[in-house]
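A.B. asks: Numbering (my numbering), first residue to last: 2 to 286. Built from N, CA and C at the ideal position, the CB exists for glycine as well. One structure, pasted below without further comment.
What follows is the structure, encoded as structure tokens:
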């Protein structure tokens with residue numbers, strides 16, 4: 002039996018990521034449609050979700066969370082002040098709030114929501130197809146059962162990993178959260194190079210996408226270090242050796258490392274901005 006079999010799930014900010022989770026939960030029969038309620042300000046979006054998934058939809062965020070056991074907060078960071086203001090005072094102490102807001106720390110979330118049972122998570126875009134990677138952190142106030150529920154919810158998006166230090170979520174944002182950006186850029190560059198060689202673009206696309214997918218599958222299932230796998234296909238004086246010489250000359254490793262660090266610094270900066278805004282915007286009793 003699913004740990005969520007008797008739980009009600011509310012999604013606040015029912016965009017692409019929330020829809021991916023709804024679809025995954027229903028596809029895996031972890032919950033029934035009547036256990037899910039989604040809020041959205043646009044009536045056409047509410048109608049679309051209701052027609053596609055058979056779930057209940059509402060316009061009001063407080064109405065959505067009123068009877069929920071788990072609240073999925075899937076809004077843009079710049080919406081946190083407004084939505085937090087709407088939900089503050091409407092959350093029960095025993096409810097779990099699961100955030101997929103980029104950069105939003107649990108300190109910022111607690112400041113805006115006035116709530117302590119929080120999970121901060123960072124999925125990535127392949128989660129839309131159930132092939133994502135999500136790293137998450139739960140505050141000490143969350144119960145053991147709520148952590149199990151969180152793990153179950155996030156597995157609807159793909160793989161998940163709980164960490165006991167919130168800083169790892171910020172680090173994961175720079176690696177796995179932003180990671181598809183790096184991969185898509187490499188994919189685009191390889192496709193363009195193949196077109197430059199003379200392949201039609203649709204053929205170049207298939208060559209590159211299948212090669213990347215197959216290489217990832219190989220790396221995942223071999224268990225070998227990537228350097229070992231690379232050496233397997235790098236013969237002395239061969240084509241791979243020539244290509245690697247150019248990549249190393251272009252500082253590929255250093256550029257990728259610098260990109261990850263830039264994404265990490267921006268994540269931390271977003272978190273600090275949200276924490277400062279929460280402290281300044283939320284009235285103190």
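1) Just confirm the distance between the C-beta atoms of residue 247 and residue 108, as a whole number of angstroms; I'd bet it's less than 8 Å.
2) Give the single residue among 37, 105, 88 whose Cα lies nearest to the Cα of residue 273.
3) How would you write the range of the alpha helix (DSSP H) that residue 172 sits in, first residue to last?
4) If you reduce the DSSP assignment to three classes, tell me which class residue 22 lands in.
5) Report, in whole angstroms, the separation of the C-beta atoms of residue 8 and residue 150, which I expect to be a contact under 8 Å.
6) Within 10 angstroms of its Cβ, does residue 144 collect 16 or more other Cβ (buried), or is it exposed?
7) Do three or more CB pairs link the region 22-30 to the region 46-54 at distances below 8 Å?
8) Let me check understanding here. Comparing Cα to Cα, which of 162, 252, 113 lies closest to residue 282?
9) Let me make sure I understand the geometry here. Which of 43, 59, 68 has the alpha-carbon closest to that of residue 10?
10) Which residues does DSSP list as the beta-bridge partners of residue 133?
11) Skipping 5 residues on each side, what residues in its chain have a beta carbon closer than 7 Å to that of residue 42?
12) Is DSSP giving residue 108 helix, strand or coil here?
13) Using DSSP's beta-bridge definition, name the partner residues of residue 265.
14) Go through its chain and collect everything with a Cβ distance to residue 241's Cβ below 6 Å, but skip five positions before and after it.
15) Taking residue 171 as the reference, which of 31, 122, 5 has the closest Cα?
16) Ordered along the chain, which non-local residues of its own chain (more than five positions away) have a Cβ less than 6 Å from that of residue 40?
17) Looking only at its own chain, which residues have a Cβ that is under 7 Å from the Cβ of residue 82, when we skip the five neighbours before and after it?
18) Tell me the start and end of each unbroken beta strand (DSSP E) in the region 32-119 that is at least 3 residues and wholly inside, in chain order.
19) Give the straight-line distance between the Cα atoms of residue 173 and residue 166, rounded to the nearest whole angstrom.
20) Within this structure, are the beta carbons of residue 135 and residue 4 separated by less than 8 Å?
21) On a CA-only basis, which of 178, 142, 183 is nearest residue 257? Give me that one, please.
C.D. replies: Let me spell this out:
1) As a working mapping, residue 247 is identified with position 246 in the chain shown. As a working mapping, residue 108 is identified with position 107 in the chain shown. That belief does not hold up - the Cβ atoms of residue 247 and residue 108 are roughly 45 Å apart, past 8 Å.
2) If you number the chain shown from 1, residue 273 lands on position 272. Here the closest residue by C-alpha is 105.
3) Here residue 172 refers to the residue found at position 171 of the chain shown. Residue 172 -> alpha helix (DSSP H) spans 168-173.
4) Start at 1 with the first residue of the chain shown, and residue 22 comes out as number 21. It is helical.
5) Stepping through the chain shown from its first residue, residue 8 is reached at position 7. Stepping through the chain shown from its first residue, residue 150 is reached at position 149. About 6 Å; that satisfies the 8 Å criterion.
6) Position 143 of the chain shown holds residue 144. It is exposed - the Cβ of residue 144 has fewer than 16 other Cβ atoms within 10 Å.
7) yes
8) Taking the chain shown and counting its residues from 1, one reaches residue 282 at position 281. Among 162, 252, 113, the Cα nearest to that of residue 282 belongs to 113.
9) Here residue 10 corresponds to residue number 9 of the chain shown, with the count starting at 1. The residue with the shortest Cα to Cα distance from residue 10 is 68.
10) As a working note, residue 133 is residue 132 in the chain shown. Note: residue 133 sits in a beta bridge opposite 159.
11) Taking the first residue of the chain shown as 1, we reach residue 42 at position 41. The residues are 60.
12) By 1-based counting over the chain shown, the position of residue 108 is 107. In the structure shown, residue 108 sits in a helix (DSSP, three-state: H, G or I).
13) Here the question's residue 265 lines up with position 264 in the chain shown. According to DSSP, residue 265 bridges with nothing at all.
14) The count along the chain shown starts at 1 and reaches residue 241 at position 240. Excluding residues within five positions, the ones whose Cβ falls inside 6 Å are 234, 235.
15) Here residue 171 refers to the residue found at position 170 when the chain shown is read from its first residue. The residue with the shortest Cα to Cα distance from residue 171 is 122.
16) Against the chain shown, residue 40 aligns to sequence position 39. Only 13, 59, 62, 65 meet the Cβ criterion.
17) Position 81 of the chain shown, counted from the first residue, corresponds to residue 82. Closer than 7 Å at Cβ, skipping near neighbours: 113, 278, 282.
18) 37-40, 57-59, 71-74, 97-100
19) Looking up residue 173 in the chain shown gives position 172. Looking up residue 166 in the chain shown gives position 165. Taking the straight line joining both Cα atoms gives about 12 Å.
20) Stepping through the chain shown from its first residue, residue 135 is reached at position 134. Stepping through the chain shown from its first residue, residue 4 is reached at position 3. Their beta carbons are not under 8 Å apart, which means residue 135 does not touch residue 4 by this criterion.
21) Translated into positions along the chain shown, residue 257 becomes position 256. It is 183.
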